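A quick write-up on the structure given underneath.
In the working numbering, the protein residues as written are 1 to 290.
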């Protein structure tokens with residue numbers, strides 16, 4: 001009987017140890033491996049996404065401010081995966097062509113992305129997507145968080161990428177060093193990562209703050225909400241006057257909403273003329289995935 005009892009105890013101990021080992025293995029699973037319920041950004045040649053785009057200026061003070069153009073502009077944007085390419089540094093990436101149509105003309109730019117084990121990376125870009133339909137009067141300048149701009153669109157472009165504010169040519173391919181992690185895998189609520197390091201040109205982080213079902217003309221999507229945290233004025237605090245959110249699903253980017261508050265307009269003598277806010281929003285209207 002003692003032998004049988006000891007054998008049972010030994011089996012129990014073996015079962016217990018096995019359970020502990022399995023549990024610890026799952027708890028220490030590589031965080032860079034996307035989970036079974038996660039997804040990666042849909043990258044394949046021929047994929048495309050079409051968006052409506054609305055650009056609004058509001059909270060204009062004083063009301064009599066005449067140096068600003070029309071307060072609302074609507075346009076469209078199409079993003080298409082053209083092909084897989086090898087960049088000059090031997091990195092393989094997919095070229096995304098963005099064609100923005102507004103103010104009666106097309107503006108094209110290319111970005112170079114690829115998926116990897118721990119995220120969706122941006123390696124480089126070329127072209128110019130920052131041409132502004134809102135051109136202010138000659139001699140006027142816009143000031144925001146320590147920078148001077150000729151038009152509003154350049155502020156939005158600078159926040160999302162370096163834009164031509166820091167670059168000399170719109171023809172060359174400009175590389176991000178290090179490459180930028182646009183999405184960190186696995187995508188789940190609470191995940192936070194560094195998108196830009198301080199000095200390049202400023203600290204920018206992203207955080208998955210929640211989930212939401214959103215409806216657009218393209219359908220209904222279960223989205224993760226990603227908040228951009230930006231310290232543009234380099235004061236050690238993330239800027240509360242920049243409200244930047246992406247809604248991402250397994251189908252791609254569904255909505256992008258950027259609000260910039262408290263832009264200052266000055267004349268050629270740098271005298272303050274007034275202030276205003278702006279919003280730039282993309283909403284998915286159509287898509288096709290391979």
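Glycine is no exception: its CB is placed at the ideal position from the N, C-alpha and C atoms.
The structure displayed is predicted, hence computed values, not measured ones.
For residue i, the nearest candidate out of the options (CA to CA)
| i | options | result |
| --- | --- | --- |
| residue 122 | 71, 277, 160, 230 | 160 |
| residue 248 | 92, 232, 182, 117 | 182 |
| residue 40 | 151, 185, 283 | 185 |
| residue 197 | 179, 65, 269 | 179 |
| residue 118 | 192, 86, 46 | 192 |
| residue 263 | 149, 208, 212, 82 | 149 |
| residue 284 | 245, 227, 216, 268 | 216 |
| residue 277 | 53, 60, 43, 107 | 60 |
| residue 108 | 114, 96, 71 | 96 |
| residue 64 | 275, 282, 281, 290 | 275 |
| residue 202 | 228, 110, 218 | 228 |
| residue 279 | 51, 50, 72 | 72 |
First through last residue of the alpha helix (DSSP H) which encompasses residue i
| i | result |
| --- | --- |
| residue 39 | Counting along the chain, residue 39 falls outside any alpha helix (DSSP H), and DSSP gives it neither H nor E. |
| residue 152 | 152-160 |
Inter-residue spacing [alpha-carbon to alpha-carbon] between residue i and residue j
| i | j | result |
| --- | --- | --- |
| residue 48 | residue 287 | 6 Å |
| residue 222 | residue 266 | 43 Å |
| residue 62 | residue 157 | 26 Å |
| residue 292 | residue 86 | Here the chain has residues from 1 to 290 only, and residue 292 is not among them. |
| residue 212 | residue 246 | 11 Å |
| residue 237 | residue 155 | 19 Å |
| residue 290 | residue 139 | 49 Å |
| residue 214 | residue 206 | 20 Å |
| residue 42 | residue 200 | 28 Å |
| residue 151 | residue 177 | 27 Å |
| residue 281 | residue 240 | 18 Å |
| residue 269 | residue 141 | 10 Å |
is_contact[residue i, chain D] using C-beta, thresh 8 Å
| i | result |
| --- | --- |
| residue 242 | Among the chains of the structure shown, chain D does not appear; only one protein chain is present. |
Presumed contact (8 Å Cβ cut-off) between residue i and residue j, rounded CB distance
| i | j | result |
| --- | --- | --- |
| residue 187 | residue 38 | 6 Å |
| residue 244 | residue 258 | 5 Å |
| residue 125 | residue 110 | 6 Å |
| residue 208 | residue 189 | 5 Å |
Limits of the beta strand (DSSP E) - the one that residue i falls within
| i | result |
| --- | --- |
| residue 277 | 272-288 |
| residue 237 | No beta strand (DSSP E) contains residue 237, which DSSP labels as neither H nor E. |
| residue 254 | 252-266 |
| residue 127 | 119-127 |
| residue 183 | 174-184 |
| residue 140 | Here residue 140 belongs to no beta strand (DSSP E), and DSSP marks it neither H nor E. |
Stretch-stretch touch, CB-based, cutoff 8 Å, three pairs: the region 77-84 with the region 94-113 | yes
Within the chosen definition, does the region 231-239 reach the region 145-152 through at least 3 CB pairs nearer than 8 Å?
-> yes
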